[in-house]
Amino acid sequence: MLYVDDNYYDSEYFELRYQQFDQHPILSQCKSKRFAVCLEDVALWIALSLYLKAKGGSVFPMPVDTPVDAARRRAQRSQCHYLLFGEGESDLDQIETITERGGDSEPVLVQTSSGTTGEPKFIERAWQSIDVEIAHYVEDFSEANAMTPVVACPVTHSYGLICGVLVALQRGVEPVVIKNSNPKYIIRKLTEVDAPILYSSPTLISTITMLVPAATPIHAVMTSGTLMQKAWFDTVKQKVTRLYQQYGCSEAGCIALGQDIQSVSDIGKPLSHLSVTAGQSSAEPAEIVVTKDDGQVIRTQDLGYFDQHGSLHFVARMDDMINVSGFNVYPAEVEEVVLELPQILDAVVFKRRHQFGNDQVCLNYVLDPTRADQNISEQEIREWCRRYLASHQIPMHIQRVDAVPKLPNGKISRKKLTDAMA
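Just remember that the numbering used here sits 1478 ahead of the position in the sequence shown, which is counted from 1.
Have a look at this one:
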């Protein structure tokens, strides 16, 4: 069935777990009930998610480092009937009742939004909708049918659980789920399987590829969650035979999938069961709007456009766009230029709302500690920007910081940076 690090779990393991759940006084009655789950045992969590899905139960998975009080609070806010919290099988007898409300009208997977624009929201997706997504993901990405997924991202999140694990099981291949996030360990696992495809985040992918010799590139890599820095992208392209990128949201799952991507912003073609609209050129991006096959319309609040080949490109979150005297400034464009300065390791561009209505462009940057000539002045940064950017794109407020703060999912909340400048 699958591996978790070096441990193999066959179909017999899963059958034994299903029998165990069938005999459990609460889990056996899971139909229409919603379970918040925070388990350290990854194989047990996957077995439980498959069981609940098959039996008509709903589930809200939480990151394994969630404190128990936080897990209980999230279980309450997401209207879960029960909370299962702990390390493994011994905790199955400690399921806590959260609410005795009526049952769910349809079984769902509960996920949280990214939280980049404010407090994360609870998003419900019907298992039936997820089955449709899986079927079209497999059909539209048939190139990966013979690849072995190495899932180095949380399987409590849709990206790892659905695209990494459930898609693999649908294809009949055995995924390798990674708990040990040491890059050298992941590289070893990639060398142990045939035709691996690494599912991970841009940050970890960049770290791994820096350690991989160019003479022995990784067979395939899938990135998602946030766009790579251009410098990372250029390095990864040299160390990977096949580079893919997918784009999605909590409400719709995977929306588009890029194969043989040639630019950082390229997120590929929409999955065939979705109708997607966006801008028609990079000069005029528009909101990416998704219509599902059941007629549901999802406004992503992301700006994007289709190129001449029909590939969708991500530009920015609508809330992150900076309006300078009527001119639109997209943070990624400014960050790309700033990150070409050899002294700068990381950077984030965000807006400061001005009292007269116009936004101001702000830049926080991190120096590269490995460089002897690491110091750089604000004037030098602005002079560099003037060579490659329009005047309205040049940062007005520039600040050196020790690190760019990121959310647990690796994304940056520009809203929090904007609010801190208020």
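Think of the CB as a built atom: it goes at the ideal place given N, C-alpha and C, for glycine as much as any other residue. Remember, it's a predicted structure, so these values are computed and weren't measured experimentally.
Asked: Tell me T1755's beta-bridge partners as DSSP assigns them.; Found: V1767
Asked: Give the range of the alpha helix (DSSP H) segment to which C1863 is assigned.; Found: E1856 to Y1866
Asked: Excluding five sequence neighbours on each side, which residues of the same chain lie with their C-beta closer than 7 Å to the C-beta of K1884?; Found: I1890
Asked: Is it true that the CB of M1899 sits closer than 9 Å to the CB of F1805?; Found: no
Asked: Beta-carbon separation of D1780 and E1765 under 9 Å?; Found: yes
Asked: Look up D1906 in the DSSP assignment and give the residues it is bridged to.; Found: With the chain running from 1479 to 1900 in the structure shown, residue 1906 is simply not present.
Asked: From this set, L1530, V1671, D1483 and P1545, which residue's C-alpha is nearest Q1606's C-alpha?; Found: L1530
Asked: Quick check on DSSP: helix, strand or coil for L1644?; Found: helix
Asked: What whole-angstrom Cβ distance do V1515 and L1528 have, given they're in contact under 8 Å?; Found: Actually they are not in contact, since the Cβ atoms of V1515 and L1528 sit about 12 Å apart, beyond 8 Å.
Asked: Can you say whether T1687 is buried or exposed, counting buried as having 16 or more other CB atoms within 10 angstroms of its CB?; Found: buried
Asked: Let me confirm a value: Y1486 is counted as buried when at least 16 other C-beta atoms fall within 10 Å, else exposed. Which label applies?; Found: exposed
Asked: Please list, in chain order, all residues of the same chain as S1489 whose beta carbon is under 8 Å from its beta carbon, the five residues on each side excluded.; Found: M1479
Asked: To the nearest whole angstrom, what separates the beta carbons of V1633 and I1524, a pair I think is in contact under 8 Å?; Found: 7 Å
Asked: Going by DSSP, which residues form a beta bridge with N1806?; Found: N1801
Asked: Please name the residue in Q1821, D1738 and F1538 whose C-alpha comes closest to that of H1787.; Found: D1738
Asked: Check each candidate in V1537, D1484, E1858 and V1546 and name the one with the smallest Cα separation from T1590.; Found: V1537
Asked: Are the region 1614 to 1631 and the region 1644 to 1664 touching by the rule of at least three beta carbon pairs closer than 8 Å?; Found: yes
Asked: Indicate whether Y1866 and E1818 have their beta-carbon atoms separated by less than 9 Å.; Found: yes
Asked: Would you kindly work out how many angstroms separate the C-alpha atoms of R1603 and S1556, rounded to a whole number?; Found: 13 Å
Asked: Report yes or no: do the region 1680 to 1696 and the region 1713 to 1720 share at least 3 C-beta pairs separated by less than 8 Å?; Found: yes
Asked: Does the count of Cβ pairs from the region 1740 to 1757 and the region 1788 to 1805 closer than 8 Å reach three?; Found: yes
Asked: I'd like to know whether the C-beta atoms of R1830 and Q1821 end up nearer to each other than 9 Å.; Found: no
Asked: If you reduce the DSSP assignment to three classes, tell me which class H1635 lands in.; Found: coil
Asked: Roughly how many angstroms lie between the CA atoms of Q1852 and D1846, to the nearest whole one?; Found: 6 Å
Asked: Just to confirm before moving on: does the CB-CB distance between Y1843 and I1800 stay below 9 Å?; Found: no
Asked: With a Cβ-Cβ cutoff of 9 Å, do K1667 and I1675 count as a contact?; Found: no
Asked: Could you check how far apart the C-beta atoms of Y1677 and C1631 are, in whole angstroms? I think they sit under 8 Å.; Found: 6 Å
Asked: Would you kindly report the start and end of the unbroken alpha helix (DSSP H) that includes H1697?; Found: It is not in any alpha helix (DSSP H) - H1697 instead sits in the beta strand (DSSP E) that spans I1696 to T1701.
Asked: Just confirm the distance between the C-beta atoms of T1701 and P1680, as a whole number of angstroms; I'd bet it's less than 8 Å.; Found: 5 Å
Asked: What is the DSSP secondary structure of S1620, reduced to helix, strand or coil?; Found: helix
Asked: For E1762, which residues in the same chain have their Cβ closer than 8 Å to its Cβ, ignoring the five residues on either side in sequence?; Found: Y1783
Asked: If you reduce the DSSP assignment to three classes, tell me which class E1762 lands in.; Found: strand
Asked: Provide the residue(s) that pair with P1627 in DSSP beta bridges, ordered along the chain.; Found: I1675
Asked: What does the alpha-carbon distance come out to for the pair A1613 and V1588?; Found: 20 Å
Asked: What residue does the alpha helix (DSSP H) around L1668 start on, and which one ends it?; Found: P1661 to E1670
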